[in-house]
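Everything on this sheet refers to the single structure shown next.
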Amino acid sequence: MLFVSTRGPELVATLSEAIRQGIAPDGGLYVPQRFPEFRPSDFDGAHTLADIAERLLAPFFAGDQLARKLTEIVNDAFNFPAPVKQLETPGDRLSVLELFHGPTAAFKDFGARFLAACLERQPHHADRKITILVATSGDTGGAVAAAFHKRPWAQVVVLFPKGLVSPRQQRQLTCWGDNVHALAVRGTFDDCQRLVKEAFSDAELNQRLELSSANSINIGRLLPQTVYYAASSLAIWRQEGQAPGFVVPSGNLGNVVACLWARTMGLPIGPIELAHNANLTVPHYLVTGEWRPQASVATLASAMDVGNPSNMERLQNLHPDWRELASQLKAHTVTDDQIRARVAADFRLFGESWCPHTATAAQVYANLSGELRHVYHWVLVATAHPAKFNEIVEPLIGETVPVPPALAELLRMPSHYGEIASDLDALKSSLHDAPPR
Ligand SMILES: *Cc1c(COP(=O)(O)O)cnc(C)c1O
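Per the numbering used here, residue 29 is the first one in the sequence shown, and the count goes up by one each step.
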């Protein structure tokens with residue numbers, strides 16, 4: 029299998045090259061040259077995430093130097109569960125796909141661990157580390173830091189928007205030390221993402237450092253995300269013989285690309301609904317066909333505060349005609365007031381507490397027509413543990429949210445980080461201050 033850039037199919041790369049580079053040399057994002065096709069029965073006998081991953085991802089690894097390491101990689105990466113939990117809803121079928129059981133309690137752990145497992149098994153230069161440059165809206169930074177911490181062949185530089193991540197998210201991305209450097213950028217997530225892209229196209233930096241990206245622009249983060257859609261849709265298909273619908277809290281659109289790719293490969297996935305917060309770029313596009321990136325707006329679901337989502341290029345690559353794309357996915361908008369009300373309501377209804385991102389999905393589900401709710405078994409994608417957003421969730425439910433042990437451990441560590449203005453020169457000089465060791 030080869031991978032091509034969204035900006036020109038003549039740029040091809042092997043899987044290892046695409047993962048190593050992060051972004052294609054023309055600034056585009058890597059996508060598979062074609063998708064393998066599966067039937068649900070191809071997964072008979074495969075029940076764990078690792079088993080399903082091995083079958084689903086084998087075609088993407090075919091011909092690459094990493095192919096013979098695939099078993100090792102999937103066992104290393106998928107070492108925590110993604111349970112599908114059914115909720116009590118009279119007459120309707122509703123489940124939650126819990127993606128927050130990894131080391132940093134958000135779905136970003138799947139992609140980050142898989143990417144690290146792939147890079148770990150590539151040849152490394154003894155005297156030149158890989159510099160993983162990563163922009164975070166809150167959760168990616170912690171997941172990538174956890175996955176790459178103390179790997180001798182890497183240093184990690186995490187850019188987060190100053191004051192715009194939750195207090196616990198901030199602790200989680202500034203607690204590492206060693207080969208992980210966190211930088212608070214005076215700007216928004218979009219500024220952080222722009223800085224990463226500028227760094228990648230800066231000749232001097234690229235000569236000095238071997239840069240790679242751990243954002244969802246890296247194909248090595250998206251491929252493993254298709255696995256939990258495969259596993260959860262197959263589990264429901266096997267029981268009910270029907271493809272479930274998914275509601276996906278969306279920001280930079282990586283998670284939704286993974287869901288759509290899984291469906292494209294033949295996994296039993298029905299309708300895909302995108303839950304957006306007050307950042308309207310994607311809902312606007314899917315209604316009007318106009319792609320108008322906006323400055324991002326701060327909301328309670330801060331990890332989705334993205335005004336110029338990178339992965340739209342991958343959606344457009346699959347469906348260049350916006351009307352066709354709009355027939356494949358629907359986008360919905362949820363306000364902060366609705367998020368608050370939904371967290372409180374569903375705690376009363378189900379005894380479940382949602383993080384603000386998961387609450388956008390729960391709200392979109394609640395707003396679907398009664399008929400649509402009834403026809404499909406719906407799966408709400410729970411992207412983070414509510415304990416990461418305790419300052420928002422606890423006052424709404426009137427209770428403390430128990431902190432998962434792995435997260436509690438990180439919150440006890442001391443925090444340290446630098447601060448920079450949101451321009452490339454500032455980033456470059458702080459990269460000089462933190463040379464690869
Ligand atoms: C990153 C993140 C999202 C948005 O996911 P995308 O792949 O960027 O669309 C949603 N919820 C949480 C908790 C996140 O960390």
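Even for Gly, the Cβ is constructed at its ideal location relative to N, Cα and C.
So who's on the other strand from residue i, going by DSSP bridges?
i      : result
Lys466 : The first residue shown for the chain is 29 and the last is 465, placing residue 466 beyond what the model contains.
Lys113 : Val124
Trp406 : Leu122, Gly273
Thr159 : Gln183, Leu239
Pro189 : Val213
Val40  : Val32
Val208 : Val184
Ala412 : Ala134
Gly139 : Answer is none; Gly139 lacks a bridge partner.
Ala323 : Partner(s): none; Ala323 has no beta bridge.
Ala449 : Arg214
Consult DSSP for residue i and reduce its assignment to one of helix, strand or coil.
i      : result
Arg465 : Only weak support is given to the placement of Arg465: the predicted model assigns it a pLDDT of 42, under 50, and the question is left unresolved by the model.
Ile101 : helix
Tyr393 : helix
Phe63  : coil
Leu431 : The sequence shown places Val at residue 431, not Leu. Three-state DSSP puts Val431 in coil, outside helix and strand.
Thr309 : helix
Thr292 : helix
Tyr58  : strand
Gly317 : coil
Ile51  : coil
His177 : coil
Glu380 : coil
Ala74  : coil
Gly170 : helix
His152 : coil
Val334 : coil
Ser443 : coil
Asn246 : coil
Cys146 : helix
Let me check understanding here. Comparing Cα to Cα, which of the options lies closest to residue i?
i      : options                        : result
Asp365 : Ser165, Ala387, Glu301         : Ala387
Gly166 : Ala140, Arg156, Gln197         : Gln197
Gly119 : His405, Arg376, Gly446         : His405
Val403 : Gly269, Leu302, Tyr256         : Gly269
Asn246 : Pro60, Pro442, Met29, Arg440   : Pro60
Pro189 : Pro180, Thr202, Ala182, His177 : Thr202
Val102 : Gln93, Val325, Arg83, Lys113   : Arg83
Ala44  : Cys220, Cys146, Ser229         : Checking the sequence, you will find Ser at residue 44 rather than Ala. Closest option to Ser44, Cα to Cα, is Cys146.
Phe66  : Pro53, Leu57, Thr76, Ala81     : Ala81
Trp350 : Thr316, Leu408, Gly130, Ala389 : Thr316
Gly191 : Ile448, Lys456, Ser457         : Ile448
Ser240 : Asn280, Val185, Arg370, Tyr445 : Val185
Cys383 : Ala134, Thr42, Ser355, Cys220  : Ala134
Ala372 : Thr363, Ile425, Asn339, Ala354 : Ile425
Pro111 : Ala258, Arg376, Trp181         : Ala258
Ala90  : Gly205, Gly294, Phe31          : Phe31
Met293 : Leu251, Leu308, Leu302, Arg266 : Leu251
Asn418 : Pro87, Leu400, Leu439          : Leu439
Ala210 : Val172, Glu238, Ala227, Asp219 : Val172
Leu400 : Ser381, Gly298, Pro337         : Gly298
Phe63  : Phe378, Ala154, Leu346         : Leu346
His153 : Pro180, Ile264, His129         : Pro180
Asp72  : Leu281, Ala242, Leu295         : Leu295
Thr117 : Arg376, Met441, Met340, Tyr313 : Arg376
Any heavy atom of ligand 1 within a distance shorter than 7 Å of the CB on residue i?
i      : result
Gly273 : no
Asp167 : yes
Gly282 : yes
Cys383 : yes
Met340 : no
Thr411 : yes
Ala134 : yes
Ser261 : no
Ser244 : yes
Ala174 : no
Ser480 : Any answer about residue 480 is impossible in this case: the structure gives the chain only from 29 up to 465.
Met293 : no
Ala163 : no
Ala331 : yes
Do the stretch 165-183 and the stretch 329-337 meet, that is, are 3 or more Cβ pairs less than 8 Å apart?
Yes, they touch.
State whether the stretch 103-113 contacts the stretch 132-149, with contact taken as three or more CB pairs (one from each stretch) at a distance under 8 Å.
By the Cβ criterion, the stretch 103-113 is in contact with the stretch 132-149, since at least three pairs of Cβ atoms, one from each stretch, lie closer than 8 Å.
Does the count of Cβ pairs from the stretch 444-459 and the stretch 222-234 closer than 8 Å reach three?
Enough Cβ pairs lie closer than 8 Å, so yes.
Cβ contact (3+ pairs, closer than 8 Å) linking the stretch 388-395 and the stretch 317-326:
No contact exists between the stretch 388-395 and the stretch 317-326.
Report yes or no: do three or more beta-carbon pairs, one from the stretch 276-284 and one from the stretch 406-421, lie closer than 8 Å?
Touching, yes, given that three or more Cβ pairs across the two stretches are closer than 8 Å.
Does the count of Cβ pairs from the stretch 206-215 and the stretch 424-442 closer than 8 Å reach three?
Counting Cβ pairs under 8 Å, fewer than three are found: no touch.
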